[in-house]
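Per the UniProt record's numbering, the sequence shown starts with residue 1, numbered consecutively. Written below as structure tokens is the structure these notes are about.
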Amino acid sequence: MSKNVKDQLEERKMRRNTRNDVEADDDSDEQTHYDDEAVPIRLRRKSFYTKSYNPEEDLDETEIKLFPKTDEVKTKLESSIKDNLLFRSLEPEQLSTLIDAMEELNVTAGNELIREGDDNYGFYVIGKGEYEIRTVSCGVESIKRVNSGTFGELTLLHNQNSRSTVTAKTNGKLYSLNRNDFRKIVTKTTHELRKNLEELINKVPQLKDLTEFDKLKVADVLELINFSDGDVIVKEGESSEGVYLVVRGSVKIVEKTDSGNKELTVGSGEHFGELPASKPANLCASAVAVGQTKVAFLKAEAYERLMGPCLKVLKKNPSHSRKPAPNL
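See the structure below:
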């Protein structure tokens, strides 16, 4: 059942009163009044800082509350967030949990959903209605109106105060995910994936000698791709375009020889392909997914464009460019 703004307001007020987070001293004389026509979703004082968040120190194992939804609503929510870069790292089951954990909220024209400078306690997907996003940057105010998409996720991910004020211009409907559940589902998953990718990068001869900062830049341009059992990842005879890091599952490398096919399996934590230092060479083998497989693909062109002068690492270590694992 959908929840109206007032119900959510009262619940968040109760939760806030039980939090042990460090906050500014309470003003005992301060009273807040909202009329019946336009009740803001948030009921909180302005915060001038945010408490740092370390996913590795988050031991909260409170069960995530799920809200039943029709298949039609689930499909609409998935369509709204699937192309958002922040959610591409989620596994299908995690994306499903995120959607199930979103709470339906009815909003009224005039509701202030997020205020610039305040702590942000939610991530929102627009279900219905029109919303105004007002942002001030370098003294210049920009205003835009939207009737689809999402808002609130970046401040939650980076643990920052809100940079915009979002107001409902019409009656509408939102789907909200609170900050704690967002962190459990998205932030911790993203953090764990980033650590995994950094470990994989350190195993690639052409990348392991880069600085930590440059490795982070490489991780940011990796393209995550999911394959099903039997899917062909690369075909024999095609030109080499980059390196594939196996995040989950395994890949069968098949090389045709005069005496028959020669096979090699590349598992999770390993890689195949290469980043050519000069012009790409044709592949001498094909790569096929074994079971459900996720790879992180680093395109040679993107790598060269990103790194620029840092490619001198390859020149200092020419043997690295001759050691793909395995050689396709």
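Built from N, CA and C at the ideal position, the CB exists for glycine as well.
Cβ pair residue i, residue j closer than 7 angstroms
i, j, result
"A285", "E236", "yes"
"L275", "A302", "no"
"G172", "V107", "yes"
"E212", "K169", "no"
"A219", "L245", "no"
"G249", "G291", "yes"
"F123", "L177", "yes"
"L306", "K203", "no"
"residue 338", "L200", "One cannot answer for residue 338 here, as it falls past the ends of the chain, which runs 1 to 328."
"L98", "I185", "yes"
"G287", "V247", "Sequence check: residue 287 is Ala here, not Gly. Going by C-beta atoms, A287 is not nearer than 7 angstroms to V247."
"L156", "F182", "yes"
Rounded Cβ spacing between residue i and residue j (contact assumed at less than 8 angstroms)
i, j, result
"E112", "T187", "E112 to T187, Cβ: 25 angstroms. No contact."
"V251", "T293", "6 angstroms"
"R145", "T165", "At roughly 13 angstroms, the Cβ-Cβ gap does not stay under 8 angstroms, so R145 and T165 are not in contact."
"E241", "I253", "So it is not a contact: roughly 16 angstroms between Cβ atoms."
"E116", "F67", "Not really, about 29 angstroms apart at Cβ, beyond 8 angstroms."
"residue 330", "N261", "Not covered by the structure: residue 330. The range shown for the chain is 1 to 328."
Option nearest residue i by Cα separation, candidates the options
i, options, result
"A101", "N147, G273, K208, K65", "K65"
"S228", "V295, K203, G117, E192", "V295"
"V125", "I133, G110, G139, G152", "G152"
"C138", "D118, R163, K128", "R163"
"P92", "T189, A287, V288, R115", "T189"
"L174", "S80, K184, E255", "S80"
"Q160", "D119, K128, S142, D71", "D119"
"L298", "L154, R179, F272", "F272"
"G149", "V136, N84, Q94, T135", "N84"
"K195", "R179, K215, V146, R183", "K215"
"L90", "H191, F67, I253, E304", "H191"
"L207", "G267, V243, D181", "V243"
"N147", "G127, I253, K69, P68", "G127"
"S268", "I143, K69, A289", "A289"
"L154", "T265, V140, Y121", "Y121"
"G110", "E132, S96, L95", "E132"
"H158", "I143, V140, E63, R179", "R179"
Proximity test, residue i beta-carbon vs the ligand SAM heavy atom, cut-off 6 angstroms
i, result
"E236", "The ligand content of the structure shown is nil, which means the ligand SAM is not present either."
**Prompt:** Hey, which unbroken runs of the alpha helix (DSSP H) at 4 residues or more fall wholly within the segment 75-162?
**Reply:** If we require 4 residues or more, the alpha helix (DSSP H) runs fully inside the segment 75-162 come out as 92-100, 153-157.
**Prompt:** Where are the alpha helix (DSSP H) runs, 4 residues long or more, that stay fully inside the segment 207-254, in chain order?
**Reply:** Whole alpha helix (DSSP H) segments, 4+ residues: 212-221.
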